[in-house]
Amino acid sequence: MTLARRIIPCLDTDGARVVKGINFAGLRDAGDPAELAARYNAEGADELVVLDIAASRDRRPTFLETIRRVAAELAIPLTAGGGIRSLDSARAVIRAGADKITVNTASVERPALITELSREFGAQAVVLAIDAKLDSISTAGSGSAAPHWDVRIRGGRDSAGLDAIAWAQHGVELGAGEILLTSMDRDGTQSGFDIALTHAISSCVSVPVIASGGAKTPQHFSEVFSAGAADAALAASIFHDDTQSIRALKQFLASQNIEVRLPC
Amino acid sequence: MTSTSTVALIDYGAGNVPSVERALQKLGVTSKRVTRPGELAGVRAIILPGVGHYAAIIRVLDAHNLRAALLDAIKRGVPFLGICLGLQALYSCSEEASSLAGLNLFSGSVRSLPTTAKLPHMGWNRLHILRTSQLLAGVSESDYFYFAHSYAVAPSPGSNEVVATCSHGANFAAVLEQETVFATQFHPEKSGAAGARLLQNFLGLAARMSEPA
Chain A
1 MTLARRIIPC
11 LDTDGARVVK
21 GINFAGLRDA
31 GDPAELAARY
41 NAEGADELVV
51 LDIAASRDRR
61 PTFLETIRRV
71 AAELAIPLTA
81 GGGIRSLDSA
91 RAVIRAGADK
101 ITVNTASVER
111 PALITELSRE
121 FGAQAVVLAI
131 DAKLDSISTA
141 GSGSAAPHWD
151 VRIRGGRDSA
161 GLDAIAWAQH
171 GVELGAGEIL
181 LTSMDRDGTQ
191 SGFDIALTHA
201 ISSCVSVPVI
211 ASGGAKTPQH
221 FSEVFSAGAA
231 DAALAASIFH
241 DDTQSIRALK
251 QFLASQNIEV
261 RLPC
Chain B
1 MTSTSTVALI
11 DYGAGNVPSV
21 ERALQKLGVT
31 SKRVTRPGEL
41 AGVRAIILPG
51 VGHYAAIIRV
61 LDAHNLRAAL
71 LDAIKRGVPF
81 LGICLGLQAL
91 YSCSEEASSL
101 AGLNLFSGSV
111 RSLPTTAKLP
121 HMGWNRLHIL
131 RTSQLLAGVS
141 ESDYFYFAHS
151 YAVAPSPGSN
161 EVVATCSHGA
171 NFAAVLEQET
181 VFATQFHPEK
191 SGAAGARLLQ
201 NFLGLAARMS
211 EPA
């Protein structure tokens, strides 16, 4: 008996609709969140993540309604995030039907938020989202072989001035129960997960790590589980546009002797 | 609907109360949220959902005077299902909040899982079924259930209530069943078709148990 590796589809929304696009540029509609949620639930997804990538204050009620509609379709856990800056905004998301919440920029700006959320909802409900980008200057300058990843905030636009490994470890000490790790270098490239980054973080923290960014083929998932030591892997567009069915992906992973929960 | 056909969901503010409610609705069962002892009178079954910190569940049970009413209902044979913290609350105490007394229906303490494995134990895992169980009818060791916890109960040789274990760094109690008391460390309301099956089994047992002899 060991934990199965998890496959997690992600719904990036503008609050109401699922959208596709890189860095908010050229967003296009990718469907209704509740319809996609129902499909993934039936196909054997292990969890679902729904994010409000706009996270504007006036769209908040719309996003909460989206969470309610998505949760109603699921018999699997739901994580929601985007714009959670306080205990109150987290509570609203959990009351709407989310089992876990993700925090990113707000927790970099005020790390105590992680502890407040963990005390209120339990560590299992607090997912620290880290957007990491390879810092080429330090890698070239130090002469050392060990790469360094910088934490990016505000949708990847700004540097947080933090080392991704150190921030992940600190986040866990503060009370995060899981890390959602996105490689900014791979996100949107479909060239595979960042194995070195995922392994570096996964081997340095005591909580599960969800790898994100760059997935396209079943082989990419297999690599991030075996070489990357990821506990879960997340992807968005390849599932939305039917490039990859979750069922077929899990059958492939099972054939590679990776433990997955096969849908019946 | 009469009160005797009602399933009571103890609402101590846990995040998973709405999920359990929805899961029951999908099985065609309406539940009522209970926050006061008087509301437990005449219910056909009781579900104690829970997720998060052990202290939260125990404090609210005591603050709302639910402890005695809950134990009384269980002793009268009202079918009971504890979920996650709702399982842990049935034991004497927990390392997570050692100053608080549990419901002490079963002896033993809740302890942290070994830190040699990643904690929380989060995700889908399988059961090792120790003996025949009504709650697990139709469930096999190839079915996966969703877990999200860092604390658990180690099964001791004398603990007859444990019908299935799971393993994450160490073996722990995953399913309890003793007469009309049932509990799961995992979340059946989040465990897809296998979880729905288990909830259906509990509702079926509750319906049969509440029939006049």
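Those protein sequences? They're chains A and B, same order as listed. Note that our numbering has the first sequence beginning at 1, numbered continuously upward. Note that our numbering has the second sequence beginning at 1, numbered continuously upward. No residue lacks a Cβ here, since even glycine has one placed at the ideal position from N, Cα and C. These figures come from a predicted structure and were not determined experimentally.
For the region 70-96 of chain B, enumerate the residues whose C-beta is nearer than 7 Å to any C-beta of chain A, in chain order. none
Interface residues of the region 113-124 of chain B facing chain A [CB-CB below 8 Å]: T115, K118, L119, P120, H121, M122, G123, W124
Buried or exposed: which applies to B:M1, given that a residue is buried once 16 or more other Cβ atoms fall within 10 Å of its Cβ? At B:M1 the pLDDT is 43, less than 50, meaning the model places this residue with poor confidence; the figure from the coordinates comes in the next sentence. Counting Cβ neighbours within 10 Å, B:M1 comes out exposed, since fewer than 16 surround it.
Starting from B:N125, follow its DSSP beta bridges and name the residues at the other end. B:F145
Got a sec: is the Cβ-Cβ distance from B:Q200 to anything in chain A below 8 Å? no
Check the C-beta distance from B:P114 over to B:I83 and give it rounded, since I have them as a contact under 8 Å. At roughly 23 Å, the Cβ-Cβ gap does not stay under 8 Å, so B:P114 and B:I83 are not in contact.
Contact check, A:A129 vs A:G83 under 8 Å by CB: the rounded distance? That pair is no contact at about 12 Å.
What is the rounded straight-line gap between the Cα of A:K250 and the Cα of A:L3? 14 Å
What does A:P208 reach in chain B if we use C-beta pairs closer than 8 Å? K118, P120, M122, G123
Could you please give me the residues that DSSP links to A:P9 through a beta bridge? A:A235
Buried or exposed for B:A41, please, with buried defined as at least 16 other CB atoms from any protein chain shown within 10 angstroms of its CB. exposed
Can you find a CB in chain B that lies within less than 8 Å of the CB of A:Q169? no
Per DSSP, the bridge partner or partners of B:L9: B:R33, B:I47
I'd like the span of the beta strand (DSSP E) that includes A:A176, first residue to last. Premise fails: A:A176 is in no beta strand (DSSP E) and is neither H nor E.
By a C-beta neighbour count over all protein chains shown, 10 Å radius and 16 as the cutoff for buried, is B:R214 buried or exposed? Given that chain B is displayed from residue 1 to residue 213, the structure contains no residue 214 of chain B and the question cannot be resolved.
Report the three-state DSSP secondary structure of A:F225 (helix, strand or coil). helix
Could you have a look at A:Q169 and say whether DSSP puts it in helix, strand or coil? helix
Assuming A:A196 and A:I179 make a contact with CB atoms under 8 Å, what is their CB distance in whole Å? That pair is no contact at about 16 Å.
Hey, A:V19 and A:D29 are a contact pair by Cβ (cut 8 Å); roughly how many whole angstroms apart? 6 Å
Round the Cβ separation of A:R39 and B:W124 to the nearest angstrom and send it over; I've been treating them as touching at under 8 Å. No, A:R39 and B:W124 are not in contact; Cβ-Cβ is about 19 Å, not under 8 Å.
If the criterion is Cβ atoms closer than 8 Å, does the pair A:G155 and A:Q190 meet it? no
How far does the beta strand (DSSP E) with A:K133 in it extend, from its first residue to its last? 126-134
Coarse secondary structure for B:L113, derived from DSSP in three states: coil
Show which residues of chain A have a CB atom less than 7 Å away from the CB atom of B:P18. G97
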